[in-house]
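A.B. asks: Please find one structure pasted underneath; my questions will follow.
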DNA sequence: AGCTCATGGCGAG
DNA sequence: TCGCCCTGAGCTG
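Pasting the structure below:
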């Protein structure tokens with residue numbers, strides 16, 4: 001259940017384990033048999049992350065494109081792969097590592113042309129050095145949609161998910177309901193710069209920590225929330241608990257089918 | 001055993 | 001906006 005930071009983290013780990021190696025690829029579950037056959041036995045040449053999308057390249061000019069969706073999970077280990085347990089869509093094995101993929105929403109083989117076509121549909125990714133934030137700004141400044149929606153739109157901010165959305169808006173005192181057109185250039189620049197720092201950090205740790213040092217464990221005499229995913233956050237999954245900065249009860253609403261958390265006092269329209 | 005929930009995204013209406 | 005797809009964990013009985 002990953003946001004872009006986790007995909008980048010896994011891309012690095014997959015690269016370290018398999019890049020430059022001849023790999024055996026199969027699908028114990030069977031749903032990716034045909035795809036696995038197209039790349040198995042080939043040298044794995046590249047692992048790229050764009051937002052929440054992962055592309056694994058092989059020396060026959062084919063890519064395996066993976067999107068984990070809400071349930072997908074990679075498990076990477078050293079040594080021999082264990083007996084398959086549960087539903088394993090894809091398994092990659094080299095002489096000394098193995099990786100298991102479960103529950104992805106997308107798992108498909110792409111040609112080189114299709115892969116490049118695919119990445120043009122993905123917006124700028126704050127974790128990538130080659131990202132162009134002006135593409136995001138151009139969409140936001142003329143949009144009447146709520147900024148809370150725009151942050152979740154992968155054509156606007158690639159890799160931002162429900163946790164970063166809630167947390168970055170809290171950090172900038174912006175209501176998730178404010179329309180994109182009411183976001184100033186300075187606010188956008190600050191949000192983007194913050195996402196670069198937060199998400200790059202998150203890609204190294206594999207978790208999402210957003211609480212500023214000065215608001216650490218003793219803010220208002222309350223411990224900052226350590227969420228189930230392992231990171232320390234201000235508002236995410238803290239509905240009905242007091243805001244760490246002002247004590248107001250954190251609110252929960254449904255925004256396009258996803259849980260939205262915010263502090264109605266700290267975050268202004 | 002069965003239900004609910006989750007860091008996502010798509011297509012139908 | 002809704003329903004549906006993907007899987008497993010953590011409850012409840």
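Numbering (this note's numbering), first residue to last: 1 to 269.
Glycine included, every Cβ here is placed at the ideal spot set by N, Cα and C.
1) Checking 8 angstroms against the spacing of the C-beta atoms, do residue 91 and residue 102 come in under that value?
2) Counting only the same chain and skipping the five closest in sequence on each side, list residues whose C-beta sits under 6 angstroms from that of residue 161.
3) Using the beta-carbon count (16 or more within 10 Å), is residue 68 buried or exposed?
4) Nearest CA to the CA of residue 83: which residue from 29, 124 and 43?
5) In terms of alpha-carbon separation, which member of 73, 77 and 95 lies closest to residue 86?
6) Pick from 100, 105, 138 and 146: whose alpha carbon is nearest that of residue 71?
7) Kindly provide the ranges of any beta strand (DSSP E) runs that are 3 or more residues long and lie completely inside the region 16-87, ordered along the chain.
8) Check whether the region 93-102 touches the region 125-142, taking contact to mean three or more Cβ pairs, one atom from each stretch, closer than 8 angstroms.
9) By a C-beta neighbour count over all protein chains shown, 10 Å radius and 16 as the cutoff for buried, is residue 210 buried or exposed?
10) Taking the alpha carbon of residue 195 as the point to measure from, which residue in 227, 152, 62 and 250 has its own alpha carbon closest?
11) Which residue marks the beginning of the alpha helix (DSSP H) containing residue 186, and which one marks its end?
12) Name the residue from 202, 186 and 150 whose alpha carbon lies nearest to the alpha carbon of residue 127.
13) Quick one: Cα of residue 46 to Cα of residue 149, how far?
14) Comparing C-alpha positions only, which one of 27, 268 and 112 sits nearest to residue 55?
15) Please state the DSSP three-state secondary structure of residue 168.
16) Looking at C-alpha atoms only, which residue of 158, 62 and 186 is the closest neighbour of residue 116?
17) How many angstroms separate the CA atom of residue 65 from the CA atom of residue 123?
18) Assign residue 173 to one of two classes, buried (16 or more other C-beta atoms within 10 Å of its C-beta) or exposed (fewer than that).
C.D. replies: Result, derived from the coordinates:
1) Numbered from its first residue, the first chain carries residue 91 at position 91. Numbered from its first residue, the first chain carries residue 102 at position 102. Going by C-beta atoms, residue 91 is not nearer than 8 angstroms to residue 102.
2) The count along the first chain starts at 1 and reaches residue 161 at position 161. These residues qualify, in order along the chain: 3.
3) Numbered from its first residue, the first chain carries residue 68 at position 68. Label assigned to residue 68: buried.
4) By 1-based counting over the first chain, the position of residue 83 is 83. It is 29 whose Cα lies nearest to the Cα of residue 83.
5) Within the first chain, residue 86 is the residue found at index 86, counting from 1. When each option's Cα is compared against that of residue 86, the closest is 73.
6) Stepping through the first chain from its first residue, residue 71 is reached at position 71. Between residue 71 and the set 100, 105, 138 and 146, the nearest pair of CA atoms involves 105.
7) Correct list: 24-26, 44-50, 53-58, 62-67 and 73-78.
8) The region 93-102 makes no contact with the region 125-142: fewer than 3 CB pairs, one atom from each, lie closer than 8 angstroms.
9) Stepping through the first chain from its first residue, residue 210 is reached at position 210. Taking all protein chains in view, the Cβ of residue 210 is crowded by 16 or more other Cβ atoms within 10 Å, so the residue is classified as buried.
10) Numbered from 1 along the first chain, position 195 holds the residue referred to as residue 195. Minimum Cα distance to residue 195 is reached at 152.
11) Walking along the first chain from the start, residue 186 turns up at place 186. 185-205 is the span of the alpha helix (DSSP H), which, as asked, contains residue 186.
12) Walking along the first chain from the start, residue 127 turns up at place 127. Of the listed residues, the one whose Cα sits closest to residue 127 is 202.
13) For this step, residue 46 is matched to residue 46 along the first chain. For this step, residue 149 is matched to residue 149 along the first chain. Between residue 46 and residue 149, the C-alpha separation is close to 33 angstroms.
14) Position 55 of the first chain, counted from the first residue, corresponds to residue 55. Ranking the options by Cα distance to residue 55, first place goes to 112.
15) If you number the first chain from 1, residue 168 lands on position 168. If DSSP states are grouped into helix, strand and coil, residue 168 belongs with the helices.
16) The sequence position of residue 116 within the first chain is 116, counting from 1. Looking at the Cα atoms, 62 is the closest of the given residues.
17) For the purposes of this step, residue 65 is taken as residue 65 along the first chain, with counting starting at 1. For the purposes of this step, residue 123 is taken as residue 123 along the first chain, with counting starting at 1. Taking the straight line from one Cα to the other gives about 17 angstroms.
18) On the first chain, residue 173 is found 173 positions in, with the first residue counted as 1. Exposed.
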